[in-house]
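For reference, the structure is listed below as structure tokens.
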Amino acid sequence: DAKKSARGSVRVFDESMDGAIRFRRAIEGGLSNAIEAGELRLVYQPIVSHDTLEVVAFEALMRWDSAEYGSISPAMFIPIAEESNLIHDLGDWVLGEALTMLERWPGQYVSVNFSPRQFRRPNFVGHVVERVDRAGIAPSRLQIEITETAIFDDAERAADTLYRVRQMGFRIALDDFGTGYSSLYNIRKFALDCLKIDKSFIDGMGRERESAAIVQSIIHLGRALGLEVVAEGVETEAQVQALRIAGCSHLQGFHLSRPIEAARATELAEARFIEASAMIAEGARGS
Ligand code: C2E
Ligand code: MG
Ligand code: MG
Ligand code: MG
335 DAKKSARGSV RVFDESMDGA IRFRRAIEGG LSNAIEAGEL RLVYQPIVSH DTLEVVAFEA
395 LMRWDSAEYG SISPAMFIPI AEESNLIHDL GDWVLGEALT MLERWPGQYV SVNFSPRQFR
455 RPNFVGHVVE RVDRAGIAPS RLQIEITETA IFDDAERAAD TLYRVRQMGF RIALDDFGTG
515 YSSLYNIRKF ALDCLKIDKS FIDGMGRERE SAAIVQSIIH LGRALGLEVV AEGVETEAQV
575 QALRIAGCSH LQGFHLSRPI EAARATELAE ARFIEASAMI AEGARGS
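Following the UniProt record's numbering, the numbering of the sequence shown begins with 335 at its first residue and continues without gaps.
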């Protein structure tokens, strides 16, 4: 079966010194056909307001079910695509799919991950504007998620790009916030709408004073600057309660909902709220 062949291929590739390179090439080859082969899909993870559990947005997350290698995590294939030009085709595909969903959802926005290379592409903003215009979508319904890595290398240019992104009316979120370089510099320098607190801090909250203090500080800072603050990777009710006390405005994580298929996302978008009882069931389910 697919899983077995995926494992088998990893073992074969690892037998020689250049195993890693050959594995990368194989993944690259598979990825370059994945769009045409219909092996890619998006799943959607709700972003929920803390006070009412209203679903305000969905984050689009890529899935690749390869005929040859089985299901491969984006954590594995995105970095490989990022090192080649493939990331641009994949990114265009993701954006097209995500924009299509917006037509079906009553008011939510979609949050799309852009890798550093996409963000630094010449005419990045013009390209996104054209796609959104063509789809007839209000720019405020697209949130562009970038990590601090995307803006670290060339802060001047990044500031300029982000300024234009904002000017066009798109939302900007800083993903995995707190794990990158010079986090505080970044939020002073750049026009942002949203900070996503990295899961590692949320995980640590109940265990270490340090994580709890960092989460609290990020929330204070975000609020003082008028930013939306999303806690990522919320897995327990205890975290939900701690984040309520800390004043966190938005939640995302398996405890609220796992990433779900397009049809279910549309149902949830129409229902608008995650019910507290459903929330527990969703969190407990292992999909
Ligand atoms: P990310 O953007 O930080 O997305 C959050 C990741 O955490 C997702 O993994 C999501 O499924 C997972 N997650 C959410 N809640 C929980 C939780 O409560 N517990 C745990 N353990 N995990 C949770 P996923 O889908 O495997 O994506 C991994 C990374 O791949 C993403 O991290 C993002 O950096 C990248 N990625 C995914 N889709 C795309 C895409 O379309 N374009 C680009 N450029 N990158 C993408
Ligand atoms: Mg993200
Ligand atoms: Mg993240
Ligand atoms: Mg991440």
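C-beta: ideal position from N, C-alpha, C; glycine also.
key: Within 5 angstroms of ligand 2: residues by beta-carbon to any heavy atom   = Asn447, Glu479, Asp509
ask   = Relative to the alpha-carbon of Glu609, which residue among Arg598, Ser591, Ala596 has its alpha-carbon at the smallest distance?
value = As a working mapping, residue 609 is identified with position 275 in the sequence shown. For Glu609, the nearest C-alpha among the options comes from Ser591.
ask   = How many whole angstroms separate the CB atoms of Asp527 and Ile506, which I take to be in contact at a CB cut-off of 8 angstroms?
value = Within the sequence shown, residue 527 is the residue found at index 193, counting from 1. Within the sequence shown, residue 506 is the residue found at index 172, counting from 1. Confirmed, about 5 angstroms.
task = Consult DSSP for Gln442 and reduce its assignment to one of helix, strand or coil.
result = What you label residue 442 is simply residue 108 of the sequence shown in a count that begins at 1. The answer is coil: DSSP assigns Gln442 none of H, G, I, E or B.
key: Residues sharing a beta bridge with Asp399, DSSP   = Taking the first residue of the sequence shown as position 1, residue 399 is located at position 65. The partner list for Asp399 (beta bridge, DSSP) reads Ser405.
As assigned by DSSP and simplified to three states, the class of Ala618 = Along the sequence shown, read from residue 1 onward, the residue named residue 618 stands at position 284. Low confidence applies to Ala618: its pLDDT is 46, below 50, so where it sits in the model is not reliable enough to give any reading.
request  = Give me the Cα-Cα distance between Ala371 and Tyr403, rounded to the nearest whole angstrom.
outcome  = For this step, residue 371 is matched to residue 37 along the sequence shown. For this step, residue 403 is matched to residue 69 along the sequence shown. Computed Cα separation, rounded: 14 angstroms.
Distance between Ala401 and Leu508 (C-alpha atoms, nearest Å) = Locating residue 508 in the sequence shown gives position 174, counting from the first residue. Locating residue 401 in the sequence shown gives position 67, counting from the first residue. So the alpha carbons of these two residues sit roughly 34 angstroms apart.
task = Give a yes or no on whether the C-beta atoms belonging to Ser383 and His589 are separated by under 8 angstroms.
result = Here the question's residue 383 lines up with position 49 in the sequence shown. Here the question's residue 589 lines up with position 255 in the sequence shown. Taking 8 angstroms as the Cβ cut-off, Ser383 and His589 do not qualify as a contacting pair.
request  = Within the same chain, show all residues whose beta-carbon is closer than 6 angstroms to that of Ala599, passing over the 5 residues directly before and after it, in chain order.
outcome  = For the purposes of this step, residue 599 is taken as the residue at position 265 of the sequence shown. For Ala599, where only same-chain residues beyond five positions count, the Cβ hits under 6 angstroms are Tyr378, Phe392.
ask   = Cα separation between Ser621 and Pro593?
value = Residue mapping note: residue 621 aligns to position 287 of the sequence shown, counting from 1. Residue mapping note: residue 593 aligns to position 259 of the sequence shown, counting from 1. The pLDDT assigned to Ser621 is 42, lower than 50, so where the model puts this residue is not dependable, and the model offers no usable value.
message = Taking the beta carbon of Glu490 as the centre, do at least 16 other beta carbons fall within 10 Å, making it buried, or is it exposed?
response = Indexing the sequence shown from 1 puts residue 490 at position 156. So Glu490 counts as exposed.
key: DSSP state of His584 mapped onto helix, strand, coil   = In the sequence shown, counting from the first residue as 1, residue 584 sits at position 250. Three-state DSSP puts His584 in a strand.
Coil, strand or helix - Asp467 by DSSP = One-based indexing of the sequence shown puts residue 467 at position 133. Reduced to three states, the DSSP call for Asp467 is helix.
query = Whose C-alpha, out of Gly363, Leu561, Lys533, Leu436, is nearest the C-alpha of Glu601?
reply = For the purposes of this step, residue 601 is taken as residue 267 along the sequence shown, with counting starting at 1. Considering only alpha carbons, the answer is Leu436.
ask   = If we ignore side chains and look at the alpha-carbon of each, how far apart do Ile531 and Gly587 end up?
value = Start at 1 with the first residue of the sequence shown, and residue 531 comes out as number 197. Start at 1 with the first residue of the sequence shown, and residue 587 comes out as number 253. Rounded to whole angstroms, Ile531 to Gly587 spans 12 angstroms at the Cα level.
query = Out of curiosity, what's the CA-to-CA distance linking Thr513 and His554?
reply = Counted from its first residue, the sequence shown places residue 513 at position 179. Counted from its first residue, the sequence shown places residue 554 at position 220. If I take the Cα positions, the gap works out to 18 angstroms.
message = Just verifying my parser: in three-state terms, what is the DSSP assignment at Glu604?
response = For the purposes of this step, residue 604 is identified with residue 270 of the sequence shown, where counting begins at 1. In the structure shown, Glu604 sits in a helix (DSSP, three-state: H, G or I).
key: Limits of the alpha helix (DSSP H) - the one that Thr495 falls within   = If you number the sequence shown from 1, residue 495 lands on position 161. Here the alpha helix (DSSP H) through Thr495 covers 489-501.
request  = State the beta-bridge partners of Ser383 as determined by DSSP.
outcome  = Looking up residue 383 in the sequence shown gives position 49. BP columns for Ser383 point to His584.
key: Sub-8 angstroms separation of Thr483 and Pro450 beta-carbons   = Taking the sequence shown and counting its residues from 1, the one referred to as residue 483 is at position 149. Taking the sequence shown and counting its residues from 1, the one referred to as residue 450 is at position 116. Yes; because the gap between Cβ atoms is below 8 angstroms, this pair is in contact.
key: Distance between beta carbons of Val568 and Ile536, contact taken as under 8 angstroms   = Within the sequence shown, the letter at position 202 stands for residue 536. Within the sequence shown, the letter at position 234 stands for residue 568. About 6 angstroms; that satisfies the 8 angstroms criterion.
inquiry  = On the CB-based measure, 16 or more other CB atoms within 10 Å of its CB, does Lys425 come out buried or exposed?
reply    = Residue mapping note: residue 425 aligns to position 91 of the sequence shown, counting from 1. A quick correction: the sequence has Gly, not Lys, at residue 425. By the neighbour-count rule (16 or more Cβ atoms within 10 Å), Gly425 is buried.
query = Is Glu566 near ligand 3, judged by its Cβ being under 7 angstroms from some heavy atom?
reply = On the sequence shown, residue 566 is found 232 positions in, with the first residue counted as 1. Yes, ligand 3 has a heavy atom inside 7 angstroms of this Cβ.
request  = Use the C-beta contact count for Gln501: other C-beta atoms within 10 angstroms, 16 or more gives buried, fewer gives exposed.
outcome  = Numbered from 1 along the sequence shown, position 167 holds the residue referred to as residue 501. Under this definition Gln501 is an exposed residue.
task = Reducing DSSP to helix, strand and coil, say where Arg592 ends up.
result = Sequence index remark: in the sequence shown, residue 592 carries index 258 (1-based). Residue state, collapsed to three classes: coil.
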